[in-house]
Structure formats: structure tokens, C-alpha cells
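Numbering (this note's numbering), first residue to last: 35 to 1136. Following: one structure in C-alpha cells, then a few remarks.
Pasting the structure below:
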């Protein structure tokens, strides 16, 4: 054997071993593309470069080890050479995705992406942080274009905040981490269930879907879409425009009614856009009475289908499945509304229907054109106008003209509301009756109109949430930019012009006949019961706070990188409000409020952030006197640039020009400073809050524990400590190491007698409350000048369940059992030390550690220093009182271990299998609890049992598939012990067990082997992830055993249980089950995922 050193570690290798193999055998990763263990080396890619003997670079795949060789694989120079080789070897613009390629890039270009927003789903949208590249497009489109800002605060769930489900974020997301929720699986299930499928098509989808198949933008593909729908299996296909005609009629009659009998309820806003309705219900519920009560066109059509057409054609309503093909994501949310239940079963976006066509392998170029089904396929030209901004108002005006004048429309044109302006207003004379109206091109325009108060001068207002209308909706094919949507708009107008004989619903004979034969008069009682709905305020704590903003000083920001918005958020928190983008602040709002605090950054050559430009423009052009307004500015900039804080200073000058009064001098935060100007903010903010007449929240460190020396003469607590709150004392009966000598980390077996009265079930957990080592406790008590034998009476204001400290104990017991001296010092502990020091040097050090703008100091401290070391290092500068110390130091938390036994085996004791927790640089640190339990002579410890994730299935006959890594086998042993006690027929049991190397756990191997021999366990597959060249993983073994797994998994009652690391492996196992279900069960991906999700699952991670 040859002795070589790899990355400072001495290893032994056989003569003739290549460096690459030697590294692999010892668990050291070396990137390579051309090398493979089954074929001779070639050295083509050059990625496997390593440094040999400190002076030469060799290829690991083709260089053999020699005795005494020193090899380095992970130095910066080696990685740079490997990366250069990769770039030279790769002649593709983007390398194909695979695990090997991903591993190489992760090794050579390590990155640790952090996404503040968690994965979530709303009724319409979903977010996957795993595929988010943090480009910020979604944040900017939501805030800068839509003026919603639902993505500004990562901690606020889209289900709870002001997200209106418009889907604009999905149209700009480069990775589809933000996308609509797919409904394709619902359609597949409906088909499988024998449902009668009905499709209704929106005109905006008709003029855009072809783009997904190479058609030019704006080509009307209605007939091809109908043909595709027929091939997919839709029995009936209708035109949403028929519902559009109903909306026109009902809206017009509702408006006439309000003009005549309810003028106080004016202006009336259209309500056919569900994202706009969400905006009103969430942010301006006072306008709910102003919303038209008419349902949206596709909902109206579904009402006619269910209540009229189905009876006419004798269609079984129970078999009816209505699908709407729409350009909007918010419609997916709309159909979930309680008021609209049992109307439309499913909404497909335009992009989604394109996916459906591809899923059915339909050749777009060979599609036969189709026609709408009769009766509900007829519509007026004006109904198509709902696809563009202002179209609903134009269509309603046409109908009103004919209704109020008694004349046909003829050459009368209502093009006043066409165009791209944010607000397009017009007054129309209907035979002496004047209608003041306007169009809001996007929800941002509507918000500005509402919050300025200018909406009150109109009688009728048409709002669409997405700028330019549905043709640019959140579910439409993505465009390079919005300007490219113009051909879609022109195609919608062409649809209208193609029906000169039917310019209004007055010419829709099929619809008029339905009114005559079935509905009666528009807006009468029966029509209202069918075609009208109600709206209600949406309430969450976040929305309540956002609505309260108007009663408090305005806190606004103009932010390019997010720093200004962060400061605005901190300051707003001081006064109990939430910040808004400057562009959301109108001149009218400034007239109504008394105070505004603005945070604005400067970027580039003295440029304003995009979310402040509109406000600056409006303020610059306004002649309004703001003499009653008091303001303060916090500007952000860098002295590294010539126009330092230019934008903050410009805003200051503009406010002064409008006679506003500065109540606090401008603060200028300089990002070129080491603390990025944080200290300036910390000095300015409290003064600003004070001058607003408000009180800063108490930021001093307090105490929620009180310790008083006992006055009792009873000293029994010294020898017989009181139990930790919520725990009992158990006794260690037996302990032994069950791994071979020299194997690390050691795995240990424990048998622990439970306290009297404590019970458990198979699959439960044992919580163990560990203690600090005696040396640590002694050192800390000495440094704090405390006597460990002093007895204290303890009271706390902590809520029940958050405290484990008993009412009386010694200081030794306190520092031994309850305070985590081996963990990382908490920020609160550092704040407590800062508050109680008079040493300037120490104070400065603490301030650096607590600086939120530069976390490096704290992060570096957290890596290298424990709480014990912190106390020993800093107590000489002064320390907090005991009450404050205990209240702000991290307390020892219980460690949870899966019980490896079942009560049928022993109800008075439990068995544990625990691996030593080794971590830190060079594995130099040991876990608190595993070190505590391995302590020589330890017999008593605080424990409690609690319900775990596992339990044996109540039904015995279905099979169970188990997967475990290392000590994760413990709960499986518990389940198997319980299984041994069951009588009657039992399903098969299969276990996939992962170890590092063979013979790692001989005792467990024997136990599992005995279970197989006895028939208790039908199959046991053991994987060895670090066993030389033959290493394997449980995920690979499961893939190889797909036939065996499917024989068990095909039963939907088959249970799966996993215990092991939480990241990666559970998802890989899940995908194994999905793949097996697809391959063996002939399922689609959606069907397989739903099928697998229906199985009982027990998953525990460590």
C-alpha cells in the first residue's frame, strides 16, 4: 500500500491507483466530464486538474499516485484552472441540465441563494423559491406598474396581503417561478369521469393563442381553437362574447336605474374584471356599493348554459363540466368565490390551453377549422370590445344610445375611450341625457383616481386591472414588451368591425329570444337572481393595517435596490403604519394629510427610482399650495458619486416650493461609509418620531424572569433538584456503542426507563433536555462572580409552554440545565451586554456586532464563539443583572429522538439509537445532547414523550414501504416491533436502509436480517453511500426495484414512511414514486402526482 496525502489527510492506496480514484475512494469530490470508472482515461475535458507536491498541476484521471505524494484538490488556484478548462471544453451556449453538470457548477461556482418569500399557492398563482433567480422583475411590475406592491414585503403571504391575482408578475418572470396554477389535471379527470365538456372562448385568447404555435401576433385563430377543442374532447364550444352581450344589457339597465333612482350610489364602477374587484374588496371596501353587481361575461354564459341551454338540449347537469378559456389569471380566483360557486368548473389561461394542445399531440398546422355551437355562438361586435381597455364602456354607450334614443347606432362612433392614456374621460349626450364617464387603463390609474378623490365627478367608470386590457392579461402568451400587444388590440377592433349588422346586443336575436322566452326584462327580479352577485370586504391583519395608512402620517419611499424601502419599513414600524411607494402618493393625498416622511435613494447620474418618477413629475407640474403639509426627507446616496443624495435634496426643494414646512432636517445616509449610514438613521429616526408627536417603541432590553434569593431554610433542592417544567426524570439502564471501533460518528444504543405514569406508542418521540458540561458551568459562574450553591426563587411572565425553569433552583442548576452556554450568543444577549456596559470600547464593539446594515461582524462571531466564550470574553466590561441575562440568553431546548422500540416489547422503558453529532471546522465540535448522554456515569436525565410523525397504519392488510438513513432506522424498528405483535393478515413490509459503508451497524444489520428470516419484513435493501467504487444510494435502489415497489404502491392504501435528512432525498423519493406510477401505471404526470399524494405518508427528518 502507498501512503499519500490528500487535502492534508493521510490515506492509503493500492499501487497503480489513479489520483481520481484515490480521491473518490476517500469521499473527496473532483469534477470531471470525460472520466468514467468503467472506461480508460482520456484526459479530454481537463476538469480534474489537481496540484501535486506543491509545484505541478496534473490531471487526476490519468495520473497515478506515488508513495508520499501530496495532492491538493480544492485550493482557489486549482478551482480556477478547472473552471477555465470547463469554459474551454464547453462549446455550447448552455450546457444540458443533469446532476453531473449541476454538481460541477455548484463545486466550481458555489452559491447559496436565499429567498425571503416562501413557497406558496393562492387560488390563481403559485411561487417556487427554488427556481427564483432574484431578478426583482415581479416586485417592480407589481409595485412600479400596478401600484400594488404585494411582493414588497417577503414575509407577507400573497393570500393575506393586497395581491389582486392579476398575474402581471407571471408575464415578466424569466424562470416561471411565479406562474398560474395549472388546471389541466382537472380537465383530464373530468374526461376520465365521463363528464360532458363545454368550452367557452374569450376573444382575447382567440387573437393571441396562435402565437404559441408560430402565428404572427394578433392573428384571429378562433376557428382553429374550436377545432383543437373538438379534437381534445369538448362536446360543446361557445363564445364568451354571448355572455359579454348579457353583461352590456344588464350593466346598462343597472346604470339607468341608479341614475334615476339611486344617484347617491354613483359613480358606478364596472365589475367584470375580477382583479379589480379584488382591489376594491381588499384596499377600498368603501367603494363596494359603487360596484356594478353584474357578473363577468364568462360567468354569465355559464349561467345560461346551466339554466337554459342544458334544459333545452336535455343535458344532465350532473355531467356538465364547463371550462372557460380566458386571458386572465384572476378568473381562477374568481370561480372560487362563494357567491359564484357551481358556475364555471375550471379556468384555463391562454398559455395553459396551448399546453393542453401540445399534451394531446395536436398538430396546429393541420387543424381543421371549427364553428361555435348554435344559439350561444352568436354575439354582437361590441361584446368583443371587452378584450381591450375601455371596451366595456364603449359597448355600454352604444347600447345606451339605442335604448335612450330609440334609434339604431348607424354611423355613431364612441371612440373617445380608445387609446393608451391612463385616464380617458368623456361626457356623452344621449338625447339630452348627459353621462360623465371615464376609463381607467390599469389598476394603478384607478388607484390614483380614487385616492385623489377625482372619481366623484363621474357617473360611470370602467376599470380593467391590466394596462391595455385583457389582450395583455396575466394568462396571455408572453411578449418581449407591451408595445408588441398592439396587433392584438387591432384584431379585437377588427372583430367588432366584422359585424356591421350587429353593433350592439339589440341585434343579437338569439339572446333577445332568451330574454323573451326565459328571463323577462333586464334587471328585473329574475334577471338579478341569475345575472347579478354581491361583494364583500376581504379582511386580514395585513389588509387592516394597509387600510389604516390613510389615518396616519404617510411614510413613502422611492427605492431602486430595496434599501430605501427597507428603511421606510423600519420607520413605518416605529409609528404603527406601512410604507407605500412614492408613485402611489397623489397631490390630493398630500392636501388631506398633515405629515409625510419620504425615503428616497439616488442612483446613476442623479436619477430617481422608477417608483418615484411619477410622483416627482406630478409634484413638479402641480400648482397646489401645500402650506398645511409638514414633511421630512431621508435621502440615500454615496459620496463615491458626484450627485450625492441628489434626489432627496430635489424632493426637499420641491416641497419647499409648494410651501410645505420641513419639520425635521433632511437626513442623508452615505452608503460609502463602513456602516452604510446606519448610525445616521438611528440618530435621526427617534427625533423624527418625537416631532411627529409619537413615542418610539421601547427598544431597551427587558426581563421576563425575576430571581430572588430564597428566604427558606429548606436546602433539599441542592441534592434533589426540582423537575424542569413539563419534564420528568428518566433513568439510563443501558448504553453501548454499536458501531465498530474507530468508526465516526459513533452510533450509540440507549435503554431508558421512563418515569412512572409516562407512556408511549410505536412511532413516538422522546424529548431529552440536555445539560452543559461541568467545566463550562464552573467557568461561567466564576466569571460572573456567582455562587453555584445559591438558591433562587423564580417567577416569570413567559407564557405557559415557553418556560422550563422551575420555581426554585440553585444557580448551578440554572446554568447547567437551562441556559445554552454552548450555542451561538443571541443578538439579544449582545444588546443586554451593550446596555449594561460603561466601557466605550466594548460599546463600540457591540454596536458593530448589532449593526443590521453590516452583519459580517455578527456572522464571524457566530462562527467562532459560543455563548460561554462570549461571557468569558466580555463580562470584564460589565454584565447585565441575572434577571436580564437569563431573559435574553438562549435557553437549552429539548432534543427529539425517534424511539426505536414499541410498548408491546417494553412499556416501562424505551430504546434509542443516536449518532454522535459532530460538526464545525475539522469536526472539532460536539453536539450538546449527544455529548451529555455519552457522559461517563450519567444515570438521570429530564425526558418526556410526545407524539411523533409515525404510527402504524390502522388497516393491517395494506403494505408499508419504509426508507431510512443511518439512525433514521429507529422509528422503523419501532413500527416493526409493533408489527410483530399484530395478529391476523398483514400486508408486505419493505425497507430501504442507507448506511455509509458495510458493517457500519452490525447490531442493526442482524436485527433486520432476523426480521427478514422470520417473514416479518419481506424485503430489506441496504445501500452504502461511501463504499468505494460500489457505492449506492437508497434512491437508486428504489429506482431499480420499481417492479417490486409498484406491486405494493398500486394499492392507494399502501403507506410510505421515511426518516432521514430533510433536504433532497424526500423529494427524490417522491419523484421515484411518481415516475414508477407513470411508467408502471400508465398515468400522466399530473395523475401520478395526485395518485402518489393520496397515499398515507409519514415523514420525519433530523
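Here a beta-carbon is modelled for each residue, glycine too, at the ideal position from N, C-alpha and C.
Same chain only: Cβ atoms within 7 Å of residue i, ignoring 5 sequence neighbours per side
i	result
residue 805	850, 851 and 966
residue 472	457, 458, 459, 492 and 495
residue 69	54, 75, 82 and 95
residue 599	186, 591, 593 and 613
residue 773	780, 781, 1034 and 1035
Anticipated Cβ contact below 8 Å, residue i with residue j, distance rounded
i	j	result
residue 52	residue 95	6 Å
residue 866	residue 919	7 Å
residue 830	residue 837	5 Å
residue 396	residue 265	6 Å
residue 999	residue 1068	7 Å
residue 688	residue 653	5 Å
residue 929	residue 810	About 17 Å; that fails the 8 Å criterion.
residue 691	residue 316	Incorrect: roughly 36 Å between the Cβ atoms, too far for contact.
residue 619	residue 667	Residue 619 to residue 667, Cβ: 13 Å. No contact.
Beta-carbon contacts of residue i that lie in its chain and below 6 Å, excluding the five residues immediately before and after
i	result
residue 694	660, 663 and 665
residue 749	none
residue 1112	1122
residue 962	804 and 856
Where residue i falls, given that 16 or more other Cβ within 10 Å makes a residue buried
i	result
residue 725	exposed
residue 541	buried
residue 373	exposed
residue 612	buried
residue 1128	exposed
residue 590	buried
residue 58	buried
residue 529	buried
residue 199	buried
residue 180	buried
residue 585	exposed
residue 261	buried
residue 208	exposed
residue 570	exposed
residue 164	exposed
residue 202	buried
residue 698	buried
residue 46	exposed
residue 843	buried
Coil, strand or helix - residue i by DSSP
i	result
residue 680	helix
residue 1089	strand
residue 358	strand
residue 39	strand
residue 177	helix
residue 502	coil
residue 461	strand
residue 709	Low confidence applies to residue 709: its pLDDT is 49, below 50, so where it sits in the model is not reliable, and the reading given next is rough at best. Looking at residue 709 - three-state DSSP - the assignment turns out to be coil, as it is neither helix nor strand.
residue 1067	coil
residue 341	helix
residue 1000	helix
Any chain D beta carbon closer than 8 Å to residue i
i	result
residue 37	This model lacks chain D altogether; it includes just one protein chain.
Sequence-distant residues of its chain with Cβ nearer than 8 Å to residue i (five each side left out)
i	result
residue 959	952 and 953
residue 763	757, 789, 974, 975, 976 and 977
residue 129	135
residue 985	795, 796, 797 and 1132
residue 1078	1024 and 1053
Does the structure place the segment 926-944 close enough to the segment 788-805 that three or more beta carbon pairs sit under 8 Å?
Judged by Cβ distances under 8 Å, the segment 788-805 makes contact with the segment 926-944, as three or more pairs qualify.
Check whether the segment 266-274 and the segment 230-238 are in contact - that is, three or more C-beta pairs closer than 8 Å.
In the pairwise beta carbon analysis, the segment 266-274 is classified as touching the segment 230-238: at least three pairs are separated by under 8 Å.
Closer than 8 Å is the cut-off here; do at least three beta carbon pairs connect the segment 907-918 with the segment 759-774?
The count of Cβ pairs closer than 8 Å, one atom from the segment 907-918 and one from the segment 759-774, stays below three, leaving the stretches out of contact.
Mind the definition here: the segment 497-509 touches the segment 394-408 only if three or more C-beta pairs lie below 8 Å; say whether that holds.
The answer is no - the segment 394-408 does not touch the segment 497-509, with fewer than three Cβ pairs under 8 Å.
Touch check for the segment 38-50 and the segment 105-118: three-plus C-beta pairs under 8 Å?
Touching, yes.
Could you tell me whether the segment 1004-1016 touches the segment 979-996, using the rule of 3 or more Cβ pairs below 8 Å?
The answer is yes - the segment 979-996 touches the segment 1004-1016, with three or more Cβ pairs under 8 Å.
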